[in-house]
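Engineer:
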Amino acid sequence: MVELVRMSTATVMQQGQSEAWSRVAGLKPRLRSHVRIQRQLFRGELWYVIQDAVTGRFHRFSPQAYGVIGLMDGRRSMDDIWQRISQQPDASDQDELIALLAQLHQAEVIQAHRRPDIADLQKRARQRRRTQLHNRLKTPLAIRIPLVDPDRFLQATLPLVQPLLGRTALWLWLFIVISALLQVPLHWQALAQNVSDQIFSLENLLLIGLIYPLVKLLHEFAHAYTIKRFGGEVHEMGVMFLVFMPFPYVDATAATAFTDKRQRMLVGAVGIMMELLLASLAMWLWLYAEPGPLRALMFNVMFIAGVSSLLFNGNPLLRYDAYYVLADYLELPNMAQRANRAIGHVLKKYLLQVKGERAEEDRRVLAILCAYGVASFVYRVFLTLSIALFVASTYFFIGVLLAMWSLWSTLVMPALRVLRVMWTNQTLRAYRGRFALAAGLFAGCVLLVLLVIPFPYATTTEGVVWLDDSAKLRAAVSGQVVEVLAQPGETVDAGTVLVRSQAPELDIQIRVLQAQLAEFEAKRQASRFRDRTAARIFSEEIARIQNELQEARRQAAALTLRSPAAGVFLMPDNLDLPGRYRARGEVLAYVVNPARLSVRGLVPQEAIDRVRNDVQDIRLRFASSPGVEQTAHISQLVPAASHALPSLALGVEGGGRIALDPGAYDEPRAYARYYPFELVSDTSLPIERIGERVYVRFVHHAEPLGFRLFRQVRRVFLRRLDV
Numbered sequence: 000m001v002e003l004v005r006m007s008t009a010t011v012m013q014q015g016q017s018e019a020w021s022r023v024a025g026l027k028p029r030l031r032s033h034v035r036i037q038r039q040l041f042r043g044e045l046w047y048v049i050q051d052a053v054t055g056r057f058h059r060f061s062p063q064a065y066g067v068i069g070l071m072d073g074r075r076s077m078d079d080i081w082q083r084i085s086q087q088p089d090a091s092d093q094d095e096l097i098a099l100l101a102q103l104h105q106a107e108v109i110q111a112h113r114r115p116d117i118a119d120l121q122k123r124a125r126q127r128r129r130t131q132l133h134n135r136l137k138t139p140l141a142i143r144i145p146l147v148d149p150d151r152f153l154q155a156t157l158p159l160v161q162p163l164l165g166r167t168a169l170w171l172w173l174f175i176v177i178s179a180l181l182q183v184p185l186h187w188q189a190l191a192q193n194v195s196d197q198i199f200s201l202e203n204l205l206l207i208g209l210i211y212p213l214v215k216l217l218h219e220f221a222h223a224y225t226i227k228r229f230g231g232e233v234h235e236m237g238v239m240f241l242v243f244m245p246f247p248y249v250d251a252t253a254a255t256a257f258t259d260k261r262q263r264m265l266v267g268a269v270g271i272m273m274e275l276l277l278a279s280l281a282m283w284l285w286l287y288a289e290p291g292p293l294r295a296l297m298f299n300v301m302f303i304a305g306v307s308s309l310l311f312n313g314n315p316l317l318r319y320d321a322y323y324v325l326a327d328y329l330e331l332p333n334m335a336q337r338a339n340r341a342i343g344h345v346l347k348k349y350l351l352q353v354k355g356e357r358a359e360e361d362r363r364v365l366a367i368l369c370a371y372g373v374a375s376f377v378y379r380v381f382l383t384l385s386i387a388l389f390v391a392s393t394y395f396f397i398g399v400l401l402a403m404w405s406l407w408s409t410l411v412m413p414a415l416r417v418l419r420v421m422w423t424n425q426t427l428r429a430y431r432g433r434f435a436l437a438a439g440l441f442a443g444c445v446l447l448v449l450l451v452i453p454f455p456y457a458t459t460t461e462g463v464v465w466l467d468d469s470a471k472l473r474a475a476v477s478g479q480v481v482e483v484l485a486q487p488g489e490t491v492d493a494g495t496v497l498v499r500s501q502a503p504e505l506d507i508q509i510r511v512l513q514a515q516l517a518e519f520e521a522k523r524q525a526s527r528f529r530d531r532t533a534a535r536i537f538s539e540e541i542a543r544i545q546n547e548l549q550e551a552r553r554q555a556a557a558l559t560l561r562s563p564a565a566g567v568f569l570m571p572d573n574l575d576l577p578g579r580y581r582a583r584g585e586v587l588a589y590v591v592n593p594a595r596l597s598v599r600g601l602v603p604q605e606a607i608d609r610v611r612n613d614v615q616d617i618r619l620r621f622a623s624s625p626g627v628e629q630t631a632h633i634s635q636l637v638p639a640a641s642h643a644l645p646s647l648a649l650g651v652e653g654g655g656r657i658a659l660d661p662g663a664y665d666e667p668r669a670y671a672r673y674y675p676f677e678l679v680s681d682t683s684l685p686i687e688r689i690g691e692r693v694y695v696r697f698v699h700h701a702e703p704l705g706f707r708l709f710r711q712v713r714r715v716f717l718r719r720l721d722v
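Okay, here's the thing in structure tokens:
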């Protein structure tokens, strides 16, 4: 991790003697041989960055401080340096020189003509190791273990990789990535189906565990080779345990010394670019591969490199690649630490109203740093607790310990650190009462918001405008449509003839039955007096034929479709319908009564209790006109949960929110269980909205946020941890 220590003698004081000057006046300091110096511009201001090749630390100096450091050549004493700079109009006093010397000594970048204090060096080494261990324990979810020095290997293989780091390779990268991104919406349905089917299976999780370290290895080598491309060195490569899973890493801090900020930004961004390239290549292979192991492998590479990695490496709120890219772009080195100092300054100046408190940054930079600090803190807490909850779902006690440790390191420790500063800092002692009052007011406001003040509360879900089955006109008999007698959109009365069809085979059947009936009537009449037994048989056969003829005539009459009730006649394909054959049971048209239209949808299990017992109002908004709102009331709420899906429009594939069960092949089913409901609008629904998605809002009694948060947390523990 890069550490930039800002050492400045910008505050110019009046020249004067220091009581401690005699102790350092004879020292002849000089920079150590392993120290390198680079000039850099940050927001138009010149700074000097000193790199310690041994510790990997970087230190930032102002030009005024560097003017003093440049005189430390091992021949001049501190008194000589003082005599030389004291003639300058903006010279610093002796106390500032002593402070600068102490900082350089603490940073271990200078040495004097005296023999080194071995005990002091050993003490510092032990202190440095303790600090590193402390920093690792502060982040138990990401522990680094250095293993090898890859610099020689990288230097030897750089000529082989050099063509991949030029402009031609960049244009090729853009072509591959953009072309792959254009394929995503075209194949979104297949991609979405594979997520639930493949990613979360036990076998696939093992495959992900094998693929991700390889993707991460290419990611880290991209960083390393880019550093070598610009003349830097990479002396550390090892393994980082992220949530107990091993991943490779390289130390890319050498990029901090690059003068050109575009080079520093490219070093940070190249890892993300590598993952996007892998995801794009995997996308093309996935498109053309046959179903099997290779296709599954490519889908996992897409998921890992194109989605999950971007959530971490591409998020500047975490101190990964995007953080350093953003810091270099804004020219705000050490942005996270400066954000903390900026927030501290704002609190001291505006909350405690400390006299003489001055900002280190201008107002624009101060606003950027404060916004970043708050957003980063909130996201880190959220992400750490989410990871802890994920681990706890499988390893309960480990996850609970991680959650407790995360809360301790992200909330409790900073609060204790603030209290310690308030009680030990001489300047802030006079403001303890104001601090206690502000802290009490803040805690009171938080409790007031969480436990007292009611906030609007509602359950939101989706439904569709539903047409009752009684409005559907189905073909009672298979036949060919001859004529449509009503116009779509026309209001019709009950019994109005709408559609005529014909069935030649039915006409033939009727004529055959009529001929058979006449034949058996004649036979019965002829045998009536000669053979009564035969006459009785003929009578039974006549009765059978009459029944069949009656049924055939009923079916022939059913070829003429009549309106079962008054309503609006609708036929989506009225122009193409004449001349087409329609099988029995097929829907030919609709007679819709707008007053009988309803909205059907699904309520998730976690919200059903509120929907059952606490509904003050129901609001409907339509997908085609979200600005129009209607009220409604519940006509039916099914008491049992099921996987049934009223309409595909509610599923993810249809643009809805509900995930579908990938194992359901006969009919679409929801992956989780939902409670079906039916709503009736207080005003008539237009018939053109049939089948349209509706956004449903069940309004409940207002309540404080704390009660709602408690239910959410309890529900998570019940669902994920079964406790």
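Residue numbers (numbering that gives the first Met the number 0): 0 to 722. Just so you know, even glycine gets a beta-carbon here, dropped at the ideal spot from N, CA and C. Computed from a prediction, not measured in an experiment: that's the story for all the values here.
#1: Report the CB separation of residue 76 from residue 25 in whole angstroms; it is logged as a contact under 8 Å.
#2: Please confirm whether residue 309 and residue 271 have their CB atoms less than 8 Å apart.
#3: From what residue to what residue does the beta strand (DSSP E) around residue 642 run?
#4: Name the DSSP beta bridge partners of residue 600, please?
#5: Can you tell me whether DSSP reads residue 528 as helix, strand or coil?
#6: When we look at the beta-carbon of residue 659 and count the other beta-carbons within 10 Å, is it buried (16 or more) or exposed?
#7: Please work out which residues of its chain come closer than 7 Å, Cβ to Cβ, to residue 361, disregarding the five sequence neighbours upstream and downstream, and give them in chain order.
#8: Provide the residue span of the beta strand (DSSP E) that contains residue 636, from first to last.
#9: Reducing DSSP to helix, strand and coil, say where residue 578 ends up.
#10: Within the same chain, show all residues whose beta-carbon is closer than 6 Å to that of residue 148, passing over the 5 residues directly before and after it, in chain order.
#11: Note the first and the last residue of the continuous beta strand (DSSP E) segment covering residue 734.
#12: Residue 638 CB to nearest chain C CB: under 8 Å?
#13: Looking only at its own chain, which residues have a Cβ that is under 8 Å from the Cβ of residue 632, when we skip the five neighbours before and after it?
#14: Please report how far the alpha carbon of residue 216 lies from the alpha carbon of residue 374, in whole angstroms.
#15: Check whether the stretch 645–655 and the stretch 590–602 touch, using three or more Cβ-Cβ pairs below 8 Å as the test.
#16: Given that a residue counts as buried once 16 or more other Cβ atoms are within 10 Å of its Cβ, and exposed if not, what is residue 236?
#17: Taking the C-alpha atoms as reference points, what is the distance between residue 550 and residue 510?
#18: Out of 406, 714, 459, which one is the CA nearest neighbour of residue 732?
#19: If you scan the stretch 405–449 from start to end, which runs of the alpha helix (DSSP H) of 4 or more residues do you find wholly inside it?
#20: Assuming residue 500 is part of the beta strand (DSSP E), what are its boundary residues?
#21: Skipping 5 residues on each side, what residues in its chain have a beta carbon closer than 6 Å to that of residue 420?
#22: According to DSSP, simplified to helix, strand and coil, what is residue 239?
#23: Measure from the alpha carbon of residue 726 to the alpha carbon of each residue in 697, 34, 365, then state which is nearest.
#24: Closer than 6 Å by C-beta to residue 555: which residues in its own chain qualify, once you throw out the five before and the five after it? Chain order, please.
#25: By DSSP, does residue 67 sit in helix, in strand, or in coil?
#26: Apply the 10 Å Cβ neighbour rule to residue 494 and answer buried if 16 or more other Cβ atoms are within range, or exposed otherwise.
#27: For a test of the three-state rule: what should DSSP assign to residue 550, helix, strand or coil?
#28: DSSP three-state call for residue 150: helix, strand or coil?
#29: Straight-line CA distance for residue 78 to residue 324?
#30: Less than 8 Å between C-beta atoms, sequence neighbours within five positions excluded: which residues of the same chain meet that for residue 488?
#31: Please classify residue 513: does DSSP put it in a helix, a strand, or coil?
#32: For residue 559, write down the residues that DSSP places opposite it in a beta bridge.
#33: Tell me whether the stretch 698–705 and the stretch 663–672 touch, counting them as touching only if at least three CB pairs, one residue from each stretch, are closer than 8 Å.
#34: Within this structure, are the beta carbons of residue 269 and residue 222 separated by less than 8 Å?
#35: Please name the residue, chosen from 279, 58, 105, that lies closest to residue 740 on a Cα-to-Cα basis.
#36: Can you find at least 3 beta carbon pairs, one from the stretch 362–373 and one from the stretch 336–346, that sit closer than 8 Å?
Structural biologist: On the basis of the supplied data:
#1: The beta carbons of residue 76 and residue 25 sit about 6 Å from each other, so the pair counts as a contact at 8 Å.
#2: Residue 309 is a Cβ neighbour of residue 271, given a cutoff of 8 Å.
#3: Where residue 642 is concerned, the enclosing beta strand (DSSP E) stretches over 641–643.
#4: Per DSSP, 462, 676.
#5: Residue 528: coil per DSSP, three-state reduction.
#6: Around the beta carbon of residue 659, 16 or more other beta carbons sit within 10 angstroms, so the residue counts as buried.
#7: Excluding sequence neighbours, residue 361 sits near nothing in its chain.
#8: Counting along the chain, the beta strand (DSSP E) containing residue 636 begins and ends at 624–636.
#9: Correct three-state label for residue 578: coil.
#10: Annotation for residue 148: 234 place their beta carbon closer than 6 Å to its own, counting only its chain and skipping 5 residues before and after.
#11: The first residue shown for the chain is 0 and the last is 722, placing residue 734 beyond what the model contains.
#12: No chain C appears in the structure shown, which is made up of a single protein chain.
#13: Here the set comprises 617, 678, 679, 681.
#14: Here the C-alpha atom of residue 216 lies approximately 30 Å from the C-alpha atom of residue 374.
#15: Yes, since at least three Cβ pairs between the stretch 645–655 and the stretch 590–602 fall closer than 8 Å, the two stretches touch.
#16: Residue 236 is buried by the Cβ-count criterion.
#17: Residue 550 and residue 510: Cα-Cα distance of roughly 13 Å.
#18: Limits of the chain in this structure are 0 at one end and 722 at the other, which puts residue 732 out of reach.
#19: Taking only runs of at least 4 residues, the alpha helix (DSSP H) segments lying wholly in the stretch 405–449 are 412–423.
#20: Its beta strand (DSSP E) spans residues 496–501.
#21: By the criterion of a C-beta distance shorter than 6 Å, residue 420 is surrounded by no residue of its chain, once the five residues flanking it on both sides are discounted.
#22: The three-state reading of DSSP puts residue 239 in strand, counting E and B together.
#23: Residue 726 lies beyond the range of the chain shown here (0 to 722); nothing can be said about it.
#24: Within the same chain, 505 come within 6 Å of residue 555 by CB-CB distance, once the 5 residues on both sides are set aside.
#25: In the structure shown, residue 67 sits in a helix (DSSP, three-state: H, G or I).
#26: By the neighbour-count definition (other C-beta atoms within 10 Å, threshold 16), residue 494 is an exposed residue.
#27: Three-state result, residue 550: helix.
#28: In the structure shown, residue 150 sits in a helix (DSSP, three-state: H, G or I).
#29: One C-alpha to the other measures close to 43 Å.
#30: Contacts found: 567, 568, 569.
#31: Three-state result, residue 513: helix.
#32: DSSP output for residue 559 lists 499 as bridge partner(s).
#33: Flag = no, the stretch 698–705 and the stretch 663–672 do not touch.
#34: At a Cβ-Cβ threshold of 8 Å, residue 269 and residue 222 count as neighbours.
#35: Examination of residue 740 is not possible in this model, given that the chain is present from 0 through 722 alone.
#36: A contact exists between the stretch 362–373 and the stretch 336–346.
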